[in-house]
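Participant: A single structure is presented below for examination.
Here is the structure:
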């Protein structure tokens, strides 16, 4: 799994930057919310937080 | 929306690299925090530290390589010292672990520091790959940050397993290939091959990149001549053969340091690198699931649909009135971060749509083919099944 993930990270970056560049407030808000969710899950899933 | 001074700061050419450095440091902190935990109480010796997931195989194999007998009843406790009893994988990562054990002593720091270092390299390699594939600096930082924030990476980058050792060299290898640096690319891929046998999948990515280039050149003849089928095949063959030769050479050298030992057959593999390679292949072939994918097993496509978490290790809080046996409470999950996997398919579809929509004549600066004039730049995802090639 780990070795195929970089392609996903790259594709997601393309998706996020494409949406961001539309310059629409709702689109940028969606990207910002998604980035916040990624950060939140990094914390929640951290082994010593054990929220899951 | 963004204040003018901050905007000016963000426009500085060094800003993306500063952010990349910060992300790398944060990731390093997250992956080294409580590196030695969890531990059985009272935590006095190396054997009291709990092995996480497949560390039970790889750490014990590294111990045997380093001449340390694993605890009775654990994997490889009867294997000949100095050999690699985990012969179904190349020795590379385990040799690094064994070297750490000899340097720092048998303990969790030595078992896991290699994964921490290679995890950090993988984040930098992600940036390098994104840049080589045509992404801007900020986009490349974004890709590296996503990697650093993914739970799978955080966990794999701090436990003593093999994949993380292969990932960085794989990514650097593909990045170098995209930049036309074929010899360093083949060396990097050979190093990755020596870490785990998943690394040759990078060649599938390169094949898809070249196929994409050839198809684009067929549609748009003004594209670089190096994107024709023959030079593409030559490049790919050179790197494939070169990295395979490097891998065989690596197996030979590693075999001199730690002879592979087939633990289940209780037999040393003494026939040299090809005999070892045959053992790796036959072992993998024998891993079948006649009842279908059950337990932690899954079909190759299921990960894309988030098959669910594999609990690498879970330590529950002690029951009221009972003393804790292992501390601290923790849960190591082998799971991709849900917000990342949730958008994986739309993101891949977007990339495919972009490839399909490439205009017939859209010259732009930049080229990743060796010596190629500029008109189109190959973009590649490194997913073995998801490589794309697009122009802008």
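Protein chains in written order, with the working numbering: chain A, 442 to 493; chain B, -15 to 376.
Idealized CB from N, CA, C, for every residue including glycine.
1) Out of B:164, B:230, B:202, B:246, state which residue places its alpha-carbon closest to the alpha-carbon of residue 218 of chain B.
2) Closer than 9 Å by beta-carbon distance: list the chain B residues that pair up with residue 472 of chain A, in chain order.
3) In chain order, which alpha helix (DSSP H) runs of at least 4 residues are fully inside the segment 95 to 179 of chain B?
4) Taking 7 Å as the limit between beta carbons, can you name the residues of its chain near residue 484 of chain A, skipping five residues before and five after?
5) Where residue 473 of chain A and residue 175 of chain B are concerned, what is the direct C-alpha to C-alpha distance, given to the nearest angstrom?
6) From B:183, B:158, B:256, pick the residue whose C-alpha is nearest to that of residue 220 of chain B; which is it?
7) Buried or exposed: residue 295 of chain B, going by 16 or more other Cβ atoms within 10 Å of its Cβ?
8) Helix, strand or coil, according to DSSP, for residue 489 of chain A in the structure here?
9) Since residue 480 of chain A meets chain B, which of its residues come closer than 8 Å, beta carbon to beta carbon?
10) Beta-carbon separation of residue 71 of chain B and residue 46 of chain B under 7 Å?
11) Please identify the residue among B:14, B:100, B:228 whose C-alpha is closest to the C-alpha of residue 173 of chain B.
12) Give me, in chain order, the residues of the same chain whose beta-carbon lies closer than 7 Å to that of residue 78 of chain B; leave out the 5 immediate sequence neighbours on both sides.
13) If we ignore side chains and look at the alpha-carbon of each, how far apart do residue 171 of chain B and residue 156 of chain B end up?
14) Restricting to Cα atoms, I'd like to know which of B:21, B:225, B:233 is closest to residue 92 of chain B.
15) From the DSSP output, read off the bridge partner residues of residue 316 of chain B.
16) Considering only the alpha carbon of each residue, which of B:207, B:263, B:36, B:169 lies closest to residue 190 of chain B?
17) Take the Cβ of residue 33 of chain B as the centre, count every other Cβ of all protein chains shown within 10 Å, and call the residue buried at 16 or more, exposed below.
18) Put residue 27 of chain B into one of helix, strand or coil per three-state DSSP.
19) If we cut at 7 Å on Cβ distances, does residue 89 of chain B have a partner in chain A?
20) Rounded to whole angstroms, what's the CA-CA distance from residue 459 of chain A to residue 477 of chain A? Just pull it up for me.
21) Quick one, which of B:130, B:114, B:37, B:84 has its alpha-carbon nearest residue 475 of chain A's?
22) For residue 62 of chain B, which of helix, strand or coil comes out of DSSP?
23) For residue 17 of chain B, which of helix, strand or coil comes out of DSSP?
24) If we define contact as Cβ-Cβ less than 7 Å, is residue 384 of chain B a contact residue for chain A?
25) Does the segment 310 to 317 of chain B touch the segment 24 to 39 of chain B, meaning 3 or more C-beta pairs lie closer than 8 Å?
26) If you run the structure through DSSP and keep just helix, strand and coil, what is residue 68 of chain B?
27) Show which residues of chain A have a CB atom less than 7 Å away from the CB atom of residue 104 of chain B.
28) What is the DSSP secondary structure of residue 42 of chain B, reduced to helix, strand or coil?
29) For the segment 103 to 111 of chain B and the segment 130 to 139 of chain B, state whether three or more C-beta atom pairs, one from each stretch, are separated by less than 8 Å.
30) Taking 7 Å as the CB-CB cut-off, is residue 475 of chain A touching chain B?
31) Got a sec: is the Cβ-Cβ distance from residue 286 of chain B to anything in chain A below 7 Å?
32) Whose Cβ in chain B lies nearer than 7 Å to the Cβ of residue 463 of chain A?
33) Could you say if the segment 266 to 278 of chain B and the segment -2 to 14 of chain B meet the contact criterion of at least three C-beta pairs nearer than 8 Å?
34) Is there a C-beta anywhere in chain A that falls below 7 Å from the one on residue 1 of chain B?
35) Under three-state DSSP, which class holds residue 244 of chain B?
36) Considering only the alpha carbon of each residue, which of B:112, B:128, B:95, B:195 lies closest to residue 149 of chain B?
Facilitator: Quick answer:
1) As a first step, residue 218 of chain B must be located in the second chain, where it is residue number 234. Ranked by how close their Cα comes to the Cα of residue 218 of chain B, the residues B:164, B:230, B:202, B:246 have B:164 in first place.
2) For this step, residue 472 of chain A is matched to residue 31 along the first chain. By Cβ distance, chain B contributes nothing, its closest Cβ being about 10 Å from residue 472 of chain A, past 9 Å.
3) Those alpha helix (DSSP H) runs which fall completely within the segment 95 to 179 of chain B and span 4+ residues are 121 to 133, 135 to 140, 147 to 162, 166 to 179.
4) On the first chain, residue 484 of chain A is found 43 positions in, with the first residue counted as 1. Take residue 484 of chain A, set aside five residues on each side of it, and the residues of its chain with a beta-carbon closer than 7 Å to its own are 490, in chain order.
5) One-based indexing of the first chain puts residue 473 of chain A at position 32. One-based indexing of the second chain puts residue 175 of chain B at position 191. So the two alpha carbons sit approximately 38 Å from each other.
6) Position 236 of the second chain, counted from the start, is the residue given in the question as residue 220 of chain B. For residue 220 of chain B, the nearest C-alpha among the options comes from B:158.
7) Reading the second chain from its first residue, position 311 is the one you call residue 295 of chain B. Taking a 10 Å sphere around the C-beta of residue 295 of chain B, we find fewer than 16 other C-beta atoms and assign the residue as exposed.
8) On the first chain, residue 489 of chain A is found 48 positions in, with the first residue counted as 1. Judged by DSSP in its simplified three-state form, residue 489 of chain A adopts coil rather than helix or strand.
9) Here residue 480 of chain A refers to the residue found at position 39 when the first chain is read from its first residue. Those within 8 Å of residue 480 of chain A in chain B are 133.
10) Walking along the second chain from the start, residue 71 of chain B turns up at place 87. Walking along the second chain from the start, residue 46 of chain B turns up at place 62. With contacts defined as CB atoms closer than 7 Å, residue 71 of chain B and residue 46 of chain B fail to qualify as a contacting pair.
11) If you number the second chain from 1, residue 173 of chain B lands on position 189. Comparing Cα-Cα distances from residue 173 of chain B to each of B:14, B:100, B:228, the minimum goes to B:228.
12) Along the second chain, one-based indexing puts residue 78 of chain B at 94. Closer than 7 Å at Cβ, skipping near neighbours: 42, 45, 46, 49, 68, 70.
13) One-based indexing of the second chain puts residue 171 of chain B at position 187. One-based indexing of the second chain puts residue 156 of chain B at position 172. When only Cα atoms are considered, residue 171 of chain B and residue 156 of chain B end up about 10 Å apart.
14) Counted from its first residue, the second chain places residue 92 of chain B at position 108. When only C-alpha atoms are compared, the closest one is B:21.
15) Your numbering for residue 316 of chain B matches position 332 in the second chain. Its beta-bridge partners are B:297.
16) Stepping through the second chain from its first residue, residue 190 of chain B is reached at position 206. Nearest option by C-alpha distance: B:169.
17) Indexing the second chain from 1 puts residue 33 of chain B at position 49. The residue in question, residue 33 of chain B, is buried, as its Cβ has 16 or more Cβ neighbours within 10 Å.
18) Counted from its first residue, the second chain places residue 27 of chain B at position 43. The three-state reading of DSSP puts residue 27 of chain B in coil, since its state is none of H, G, I, E or B.
19) Working through the second chain from its first residue, we reach residue 89 of chain B at position 105. Closer than 7 Å: no.
20) Translated into positions along the first chain, residue 459 of chain A becomes position 18. Translated into positions along the first chain, residue 477 of chain A becomes position 36. Here the C-alpha atom of residue 459 of chain A lies approximately 18 Å from the C-alpha atom of residue 477 of chain A.
21) As a first step, residue 475 of chain A must be located in the first chain, where it is residue number 34. Nearest option by C-alpha distance: B:130.
22) Against the second chain, residue 62 of chain B aligns to sequence position 78. The DSSP-derived three-state label of residue 62 of chain B is coil.
23) Locating residue 17 of chain B in the second chain gives position 33, counting from the first residue. Annotated three-state conformation of residue 17 of chain B is coil, per DSSP.
24) Here chain B has residues from -15 to 376 only, and residue 384 of chain B is not among them.
25) Flag = yes, the segment 24 to 39 of chain B and the segment 310 to 317 of chain B touch.
26) Counted from its first residue, the second chain places residue 68 of chain B at position 84. Here DSSP, grouped into helix, strand and coil, assigns residue 68 of chain B to strand.
27) Here residue 104 of chain B refers to the residue found at position 120 of the second chain. The contacting residues do not exist; residue 104 of chain B stays about 15 Å from chain A at best.
28) Reading the second chain from its first residue, position 58 is the one you call residue 42 of chain B. In the structure shown, residue 42 of chain B sits in a helix (DSSP, three-state: H, G or I).
29) By the Cβ test, the segment 103 to 111 of chain B is in contact with the segment 130 to 139 of chain B, since at least three Cβ pairs between them sit closer than 8 Å.
30) For the purposes of this step, residue 475 of chain A is taken as the residue at position 34 of the first chain. Chain B, which has a Cβ nearer than 7 Å to the Cβ of residue 475 of chain A, makes this yes.
31) Here residue 286 of chain B is taken as the residue at index 302 of the second chain, counted from 1. No, residue 286 of chain B lies away from the interface with chain A (no Cβ there is under 7 Å from its Cβ).
32) One-based indexing of the first chain puts residue 463 of chain A at position 22. Within 7 Å Cβ-Cβ: nothing; residue 463 of chain A doesn't reach chain B, min ~13 Å.
33) Too few Cβ pairs lie closer than 8 Å, so no.
34) The count along the second chain starts at 1 and reaches residue 1 of chain B at position 17. Answer no: the Cβ-Cβ gap between residue 1 of chain B and chain A never drops below 7 Å.
35) On the second chain, position 260 is the one that residue 244 of chain B refers to. Residue 244 of chain B falls in the strand class under three-state DSSP.
36) To locate residue 149 of chain B, count along the second chain from 1; it is residue 165. Nearest option by C-alpha distance: B:95.
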